[in-house]
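Written out below as structure tokens is the structure these notes cover.
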Amino acid sequence: MANANDQAEQHIGQTKGLPNHAHDLVHDLSTRLDALWRYDQCIANAEKAGPKDSKQFWQEMKAQEAQNIDRLKDLIRQCVKDGSF
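Heads up: the sequence shown is residues 1 to 85, going by UniProt numbering.
Listed below in structure tokens is the structure:
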């Protein structure tokens, strides 16, 4: 027999605002946008006190992340266009 807690929790996760694949894209885009913003601080920190190659490393990471973000935005546009969003 289900107790009150089990009954209260049986509906958790049933309501979805987006299909799982669309949620994954949006969530990852948000995470990557935050990372892109932080890379500027990493670059500034490397300029002040980092090892010789650290500034270049962070600049490369920022460029790669910008490319990943562009790909994610394209995928989201494609999902919206084909109705799978």
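C-beta: ideal position from N, C-alpha, C; glycine also. Just so we're clear, the structure is a prediction, and the values are computed from it rather than from any experiment.
Residue i: first and last residue of the uninterrupted alpha helix (DSSP H) it sits in
i: Asp53; result: Neither: Asp53 is in no alpha helix (DSSP H) and is coded neither H nor E.
Close-in-space but distant-in-sequence residues of the same chain around residue i (CB under 8 Å, 5 per side omitted)
i: Ile76; result: Ala22, Leu25, Val26, Leu29 and Phe85
i: Ala35; result: Glu65
i: Cys79; result: His21, Ala22, Leu25 and Phe85
i: Arg32; result: Glu65, Asn68, Ile69 and Leu72
6 Å Cβ shell around residue i - same chain, five flanking residues per side excluded
i: Cys42; result: Trp58
i: Gln10; result: none
Cβ-based neighbour list, residue i, same chain, cut-off 7 Å, excluding 5 preceding and 5 following
i: Trp37; result: none
i: Pro19; result: Ser84
| field | the region 68-79 touching the region 40-53, judged by at least three CB pairs closer than 8 Å | value | No, they do not touch.
| Would the region 53-67 and the region 12-27 be scored as touching if the rule is three or more Cβ pairs under 8 Å? | no
| field | Whole beta strand (DSSP E) elements within the region 9-79, 3-residue minimum | value | none
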